[in-house]
Structure formats: structure tokens, C-alpha cells
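Enquirer: For what it's worth, the working numbering labels the leading residue of the sequence shown as 17, then goes sequentially.
All C-beta atoms in this analysis are idealised placements derived from N, C-alpha and C, irrespective of residue type, glycine included.
Can you keep this structure in mind? I'll have questions shortly.
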Amino acid sequence: MSITSRARRIPDGGTVVTGWLLDAEAVADDLSAGAARRLSDVAVYRQAVADVVAELTGRGRVPSVAMAERVLDRRLREADFTVVLSATPSGPDAAIQRILRDVRSYRRRSQNSANDLAAMIRITLLTQIDVLWWGHVPPYKTDADVFATPNLLDLDALRRDGKVAFNYRRQATSLLGRAVRTAERAAAPGHAPATVGLRFACARAELIVLLNQIAADFARLAPPGTPRLWVTSVARSVAYQRQLRSLGYAALLPSAHCVGYAADVEMTWFRQFEADHALRAVLIAHQRDGDVNVIDEGQAWHVCVRPGAGRALRLIPRQR
Ligand SMILES: [Zn+2]
Numbered sequence: 017m018s019i020t021s022r023a024r025r026i027p028d029g030g031t032v033v034t035g036w037l038l039d040a041e042a043v044a045d046d047l048s049a050g051a052a053r054r055l056s057d058v059a060v061y062r063q064a065v066a067d068v069v070a071e072l073t074g075r076g077r078v079p080s081v082a083m084a085e086r087v088l089d090r091r092l093r094e095a096d097f098t099v100v101l102s103a104t105p106s107g108p109d110a111a112i113q114r115i116l117r118d119v120r121s122y123r124r125r126s127q128n129s130a131n132d133l134a135a136m137i138r139i140t141l142l143t144q145i146d147v148l149w150w151g152h153v154p155p156y157k158t159d160a161d162v163f164a165t166p167n168l169l170d171l172d173a174l175r176r177d178g179k180v181a182f183n184y185r186r187q188a189t190s191l192l193g194r195a196v197r198t199a200e201r202a203a204a205p206g207h208a209p210a211t212v213g214l215r216f217a218c219a220r221a222e223l224i225v226l227l228n229q230i231a232a233d234f235a236r237l238a239p240p241g242t243p244r245l246w247v248t249s250v251a252r253s254v255a256y257q258r259q260l261r262s263l264g265y266a267a268l269l270p271s272a273h274c275v276g277y278a279a280d281v282e283m284t285w286f287r288q289f290e291a292d293h294a295l296r297a298v299l300i301a302h303q304r305d306g307d308v309n310v311i312d313e314g315q316a317w318h319v320c321v322r323p324g325a326g327r328a329l330r331l332i333p334r335q336r
């Protein structure tokens with residue numbers, strides 16, 4: 017294995033990225049309670065989430081917050097849920113309180129990714145799988161913490177070296193930059209997804225590996241001429257997450273975005289290329305393989321990498 021000047025040590029996970037290889041031998045397995053939960057338990061939990069959402073929306077019902085609280089208060093204490101919630105870092109009671117708080121604070125807003133209460137419930141329940149896996153890792157509290165952490169790799173540097181197989185763009189921060197984006201959208205609507213772009217263009221190595229794999233699978237399965245996978249969000253600070261939440265987005269806390277292990281990928285924009293079905297299939301296949309937790313959030317799908325996934329893999333997948 018070659019060692020290059022770009023080798024980076026990732027202290028808390030113990031992963032070493034050397035010459036763009038993740039060295040599996042150098043990594044002790046993450047023995048947190050959450051990481052030790054079997055994938056079959058997570059699959060059972062996911063099915064229980066689908067069941068409870070079906071119960072809430074059965075026969076065309078539109079659940080009220082009060083009804084949802086009642087149903088969740090009963091169902092979340094059942095074994096299919098507690099198998100996951102009991103292994104989250106602050107325990108099952110705190111997890112249930114967190115879920116009920118998300119449900120109570122639900123507000124219908126146009127920019128809210130959870131466009132109805134049932135979707136919001138599904139998202140907060142599935143987010144607990146991220147918490148199971150990464151809830152023990154201290155989050156980046158402020159934007160300065162994101163910039164200062166040695167745990168995240170700079171996507172711009174990797175892209176310059178041809179090591180990023182997906183599209184993204186950064187937030188336009190200046191007035192001029194925003195004006196250019198607006199003009200671009202008017203001149204060529206559909207040229208790029210309607211998102212603000214990345215506030216921080218950085219992510220954990222394992223996540224970049226997985227996103228590159230997903231991008232390669234998508235490129236193989238999507239109709240010819242489809243643009244590359246488009247990543248709309250990666251790392252966030254807790255402060256930024258709170259800001260998104262105050263704007264009405266379903267930006268939950270704790271969040272795997274705030275520890276660098278989650279990304280959002282554009283879905284709706286790929287409909288014009290008739291490629292959204294292929295992207296869904298690729299994401300679900302990676303979830304079935306146990307690499308990721310995937311949450312349908314409407315326009316974007318959320319992808320969180322599982323502890324231990326993505327190791328010993330090249331940042332750029334081999335050509336098949
Ligand atoms: Zn997300």
C-alpha cells in the first residue's frame with residue numbers, strides 16, 4: 017500500500033486513509049452498543065416503522081398529532097422497536113421522548129421535507145438508526161468545529177484529483193454568486209437541482225467511499241445521458257442544523273450529518289432523465305447489503321453510512 021502526502025489520520029474512529037485506501041487491518045472494530053446491533057435487528061425495526069406508519073395512515077386516514085402521540089407511545093415500547101431504541105446512547109426512554117418531541121414540533125411548511133405528519137414520523141423513527149450507529153460520537157457544535165476537525169476530508173481537493181465520482185456544488189455565499197445562480201436557473205432550468213448547495217464540502221472518508229460506489233452503480237443502471245449522482249448536503253454543524261430547523265426543515269437532532277457520516281442525494285431532479293427509479297434501486301440495494309441507512313425525504317434521500325462499512329475500499333471504485 018502506497019503512502020502519499022495526503023495520508024490523513026482519523027483519530028476517533030481509528031481509521032487511517034493512506035494513499036486513498038482505507039486500511040482495514042489498522043482499524044479496530046467499533047464496539048459501541050449501537051454498532052454491535054445486528055443488521056437483522058435493524059431490518060426488524062425498519063419493518064416495524066413501516067407497520068406503524070401504515071397503522072397511522074390506514075384507510076386513507078390523516079393522523080392528528082394527538083392520535084400519533086397515542087399510537088407511538090404504545091407501539092414504541094414493543095420489542096421490535098426497543099431492540100434498536102434500547103441500544104441508542106441515551107437509552108429507550110430518551111429516544112421515545114425525542115421522537116414524540118419531533119412529532120409535537122411538526123409544523124406544515126412548504127420547505128419542510130416531511131410534507132405530512134406521517135412522513136415526519138417515518139423520518140424521525142428511521143433517524144434513530146443513525147443515532148444507534150453514531151449517537152455516541154460528539155457532534156460538531158459550531159461551523160468553526162467543522163472547519164477545525166481533522167476527521168473530515170475536503171471534497172474540493174479530492175475532486176481536483178479526480179477522486180469524487182458524484183456532482184455537488186457549494187453554497188453561493190456572495191450576492192454576486194447568488195445572482196449568477198439565479199440567472200443560470202432562468203437560462204437553463206433543470207440544469208442543476210434546485211438546492212442551495214453545500215455549506216461545508218467535507219465528509220468522512222467512509223462516506224465518500226460509499227457515495228462513490230453509489231455513484232458508480234447509478235451510472236451503470238441509469239439511462240444513457242443521465243448526469244452523475246448529485247449530493248446536496250454532507251457535513252453540518254449543530255448550529256447550522258438548528259438554523260435549518262428554525263426555517264421549517266425537518267432537520268432533526270441528533271443528526272449523523274453533524275458527525276460527518278450522512279449525506280443527502282438529490283432524487284426529484286432525476287425524474288426528468290427517468291433515472292429516479294434506478295437511483296432508488298441502487299440506494300435500497302446498498303441498504304439491503306447493510307452499508308447504509310436510507311431515508312426517503314422527498315426531493316432528497318438521506319444516506320447514513322454504517323460503522324465498519326466502506327473500509328478497505330478504494331475511493332474510486334474499480335471499473336467493472
Ligand atoms: Zn440528511
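From THR211 to THR248, what distance separates their C-alpha atoms?
Expert: Distance between the alpha carbons of THR211 and THR248: 7 angstroms.
Enquirer: Output the distance between the C-alpha atoms of GLY178 and ASN228, rounded to the nearest integer angstrom.
Expert: Those two C-alpha atoms are separated by around 11 angstroms.
Enquirer: Grouping DSSP H, G and I as helix and E and B as strand, with all else coil, what is VAL308?
Expert: If DSSP states are grouped into helix, strand and coil, VAL308 belongs with the strands.
Enquirer: So the candidates are PHE286, ASP96 and ARG252; which of them puts its Cα closest to the Cα of VAL68?
Expert: It is ASP96 whose Cα lies nearest to the Cα of VAL68.
Enquirer: What does DSSP give as the partner residues of ASN183 in its beta bridges?
Expert: Paired residues: TRP246.
Enquirer: Would you call the stretch 268 to 277 in contact with the stretch 150 to 157, where contact means no fewer than 3 C-beta pairs closer than 8 angstroms?
Expert: Short answer: they touch.
Enquirer: Using beta-carbon positions only, say whether ALA231 and ALA251 come within less than 8 angstroms of one another.
Expert: It is not a contact, given that the beta carbons lie outside the stated cut-off.
Enquirer: Is any heavy atom of ligand 1 found at a distance shorter than 7 angstroms from the C-beta of ASP67?
Expert: Checking the Cβ of ASP67 against ligand 1 gives no.
Enquirer: Below 7 angstroms, is the gap between the Cβ of ALA278 and the nearest heavy atom of ligand 1?
Expert: It does: the Cβ of ALA278 is within 7 angstroms (strictly closer) of some heavy atom of ligand 1.
Enquirer: Under 7 angstroms: does the beta carbon of HIS302 sit that close to some heavy atom of ligand 1?
Expert: Checking the Cβ of HIS302 against ligand 1 gives no.
Enquirer: Does ligand 1 have a heavy atom nearer than 7 angstroms to the CB of SER249?
Expert: It does: the Cβ of SER249 is within 7 angstroms (strictly closer) of some heavy atom of ligand 1.
Enquirer: Which residue's Cα is closest to the Cα of HIS318: TYR256, TRP246, LEU168 and LEU237?
Expert: Closest option to HIS318, Cα to Cα, is TRP246.
Enquirer: When you compare the CB positions of LEU72 and VAL87, do they come within less than 8 angstroms of one another, or not?
Expert: Yes, Cβ-Cβ distance for LEU72 and VAL87 is below 8 angstroms.
Enquirer: Taking 7 angstroms as the line, does the beta carbon of HIS152 fall inside it for any heavy atom of ligand 1?
Expert: Incorrect: HIS152 has no Cβ contact closer than 7 angstroms to ligand 1.
Enquirer: Within its chain, find whatever has a CB closer than 6 angstroms to the CB of PRO6; leave out the 5 residues flanking it on each side and keep chain order.
Expert: A query on residue 6 cannot be resolved here, the shown segment of the chain reaching from 17 to 336 and no further.
Enquirer: Determine the DSSP secondary structure at LEU38, reduced to helix, strand or coil.
Expert: For LEU38, the predicted model reports a pLDDT of 45, less than 50, meaning its position is unreliable and no value from the coordinates is stated.
Enquirer: So, is HIS207 buried or exposed, given that buried needs 16 or more other C-beta atoms within 10 angstroms?
Expert: Answer is exposed; the Cβ neighbour count stays below 16.
Enquirer: What are the start and end residues of the beta strand (DSSP E) that includes VAL275?
Expert: Note, VAL275: premise wrong, no beta strand (DSSP E); not H, not E.
Enquirer: Is it the case that the Cβ atoms of GLU85 and VAL60 are separated by a distance below 8 angstroms?
Expert: For GLU85 and VAL60, no; Cβs fall outside 8 angstroms.
Enquirer: Classify HIS318 as helix, strand or coil using the three-state DSSP reduction.
Expert: Reduced to three states, the DSSP call for HIS318 is strand.
Enquirer: Out of PRO243, VAL81 and GLY151, state which residue places its alpha-carbon closest to the alpha-carbon of VAL321.
Expert: Here the closest residue by C-alpha is GLY151.
Enquirer: State yes or no: is the C-beta of HIS273 nearer than 7 angstroms to some heavy atom of ligand 1?
Expert: Yes, ligand 1 has a heavy atom inside 7 angstroms of this Cβ.
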